[in-house]
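Asks: Listed in order, the protein sequences are those of chains A and B.
Numbering-wise (numbering that gives the first Met the number 0), the first sequence opens with residue 0 and increments by one.
Numbering-wise (numbering that gives the first Met the number 0), the second sequence opens with residue 0 and increments by one.
Protein chains: 2
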Amino acid sequence: MKIYDISMKIHENMMVYKNKPDKRPLIWVAHDFTDSSAYESRIDIDLHTGTHIDAPLHMVKDGATVDTIDLEKLVSHCQVIDLTHVKDCIRKEDLENLILKEDYFILFKTQNSMSDSFDPEFIYLEKCAADYLRKKKIKGVGIDSLGIERSQEGNMKPIK
Amino acid sequence: MKIYDISMKIHENMMVYKNKPDKRPLIWVAHDFTDSSAYESRIDIDLHTGTHIDAPLHMVKDGATVDTIDLEKLVSHCQVIDLTHVKDCIRKEDLENLILKEDYFILFKTQNSMSDSFDPEFIYLEKCAADYLRKKKIKGVGIDSLGIERSQEGNMKPIK
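1) Just to confirm, is the Cβ distance from ASP21 of chain A to ALA54 of chain B under 8 Å?
2) Curious, which full-length beta strand (DSSP E) runs of at least 3 residues does the segment 85 to 137 of chain B contain?
3) With a threshold of 7 Å on Cβ separation, who are the neighbours of GLN110 of chain A within its own chain once the five nearest residues in sequence on each side are excluded?
4) To be precise: take each residue of the segment 28 to 55 of chain A, compare its Cβ to all Cβ atoms of chain B, and keep it if any distance is under 8 Å. Which residues remain?
5) Taking one C-beta from the segment 52 to 66 of chain B and one from the segment 70 to 83 of chain A each time, how about it: are there three or more such pairs within less than 8 Å?
6) Using only alpha-carbon positions, find the residue among A:MET14, A:ILE44, A:LEU106 and A:ASP69 that is nearest to PRO24 of chain A.
7) Determine, using beta carbons only, whether GLU71 of chain B comes closer than 8 Å to chain A.
8) For ILE9 of chain A, collect the residues of the same chain with a Cβ closer than 8 Å to its Cβ; drop the 5 residues on either side in sequence, then sort them by chain order.
9) On the premise that GLU71 of chain A lies in contact with ILE2 of chain B, defined as a C-beta separation below 8 Å, what is that separation, rounded to the nearest angstrom?
10) Would you say MET0 of chain B reaches chain A, if we count a Cβ-Cβ gap shorter than 8 Å as a contact?
11) According to DSSP, simplified to helix, strand and coil, what is ASP53 of chain A?
12) Enumerate in chain order the residues of its own chain whose CB-to-CB distance from ASP4 of chain B is below 7 Å, with the five nearest sequence positions on each side excluded.
13) Might you give, ordered along the chain, the residues of its own chain that have their beta carbon closer than 7 Å to the beta carbon of GLY139 of chain B, omitting 5 neighbours on each side?
14) Check the Cβ of MET58 of chain A against every Cβ in chain B and list those closer than 7 Å, keeping chain order.
15) Could you give the DSSP three-state label for GLU71 of chain B: helix, strand or coil?
16) Please classify ASP21 of chain B: does DSSP put it in a helix, a strand, or coil?
17) Using a Cβ-Cβ cut-off of 8 Å, state whether ASP115 of chain A counts as contacting chain B.
18) Name the chain A residues that come within less than 9 Å of ASP143 of chain B, Cβ to Cβ?
19) List the DSSP bridge partners of VAL28 of chain A.
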């Protein structure tokens with residue numbers, strides 16, 4: 000089986016949401032061979048930095064926590080959809096002509112992938128598009144930015 | 000596909016190597032709905048706490064780092080071997096009558112799984128057994144403890 004590793008590299012200068020310093024990971028060597036028989040590192044990281052999944056609790060008060068997400072949803076067939084032509088946001092109209100497979104995880108490739116720095120105007124998923132995906136009974140959706148919505152007008156809070 | 004989640008649960012009171020306080024993870028809420036529109040947590044964790052893979056650098060000076068390990072080795076067919084009858088350590092003799100499949104990842108189930116607290120006398124993999132596994136051309140080996148060797152006499156340093 001060919002594996003495509005699409006996870007972000009984790010390092011101290013990686014892209015973080017809105018370039019906020021408190022989202023940046025800290026990585027340090029806890030022990031090396033000068034003081035120990037083993038080399039060991041430690042990491043202090045925001046759980047929304049790098050490739051991650053949002054639990055309902057991230058946006059919904061009293062929402063479900065990440066440990067309740069069924070792993071069968073995360074180890075899944077997936078479709079990668081090329082939306083690199085899309086500007087500003089992914090709209091329902093951008094999806095309607097696509098064959099979206101029920102029970103597949105959908106990953107969107109957008110212009111977000113063209114940059115290694117955080118763009119506050121990143122491509123996001125518009126509410127009607129999110130509703131459309133839900134109706135299509137996909138397993139889940141992923142995007143190549145550190146959020147799937149931003150502070151856009153009518154911020155959907157949340158995509159359920 | 001049925002998925003078996005055998006990873007350790009990560010929490011502040013989880014089992015850590017030799018019960019060392021500096022191996023314990025810290026988990027805290029960075030923002031919640033009282034100060035933010037999103038709920039976010041952060042973790043500070045030793046990279047050898049919980050389910051993990053050892054890179055060569057863990058035991059070998061100037062050894063390879065974890066990012067050089069081929070993912071194809073980690074997403075793999077695997078064999079789970081029941082060695083719950085074994086005392087003290089896994090010896091070559093415990094393996095010789097088993098059919099170990101070339102290019103499979105081998106996971107040992109031992110008495111280590113019977114306890115949620117750290118036992119300094121955990122079942123480890125003895126050097127001749129490790130050599131035997133290498134000759135069998137397995138992809139990798141896993142055990143149900145926080146180390147695959149301990150401070151046993153003739154500590155193998157390292158299993159390569």
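Note that the Cβ used here is the ideal one computed from N, Cα and C, for glycine as well.
If you're wondering where the values come from, they're calculated on a predicted model, not measured in any experiment.
Replies: By the coordinates alone:
1) no
2) Fully enclosed beta strand (DSSP E) runs of 3 or longer: 104 to 108.
3) So the list reads THR83 and ILE122, once near-sequence residues are dropped.
4) Result list: ALA29, PHE32, SER36, ALA37, TYR38, GLU39, SER40, ARG41, ILE42, ASP43, ILE44, ASP45, LEU46 and HIS47.
5) no
6) A:ILE44
7) yes
8) PRO24, ILE26, ILE42, ILE44, THR48 and GLY49
9) 6 Å
10) yes
11) coil
12) Excluding five sequence positions before and after ASP4 of chain B, none of the CB atoms of its chain fall closer than 7 Å to its own CB.
13) Closer than 7 Å at Cβ, skipping near neighbours: LYS72 and PHE104.
14) ALA37
15) Correct three-state label for GLU71 of chain B: helix.
16) helix
17) no
18) From the beta-carbon of ASP143 of chain B, no residue of chain A is found nearer than 9 Å; the closest lies around 19 Å away.
19) Answer is A:SER40.
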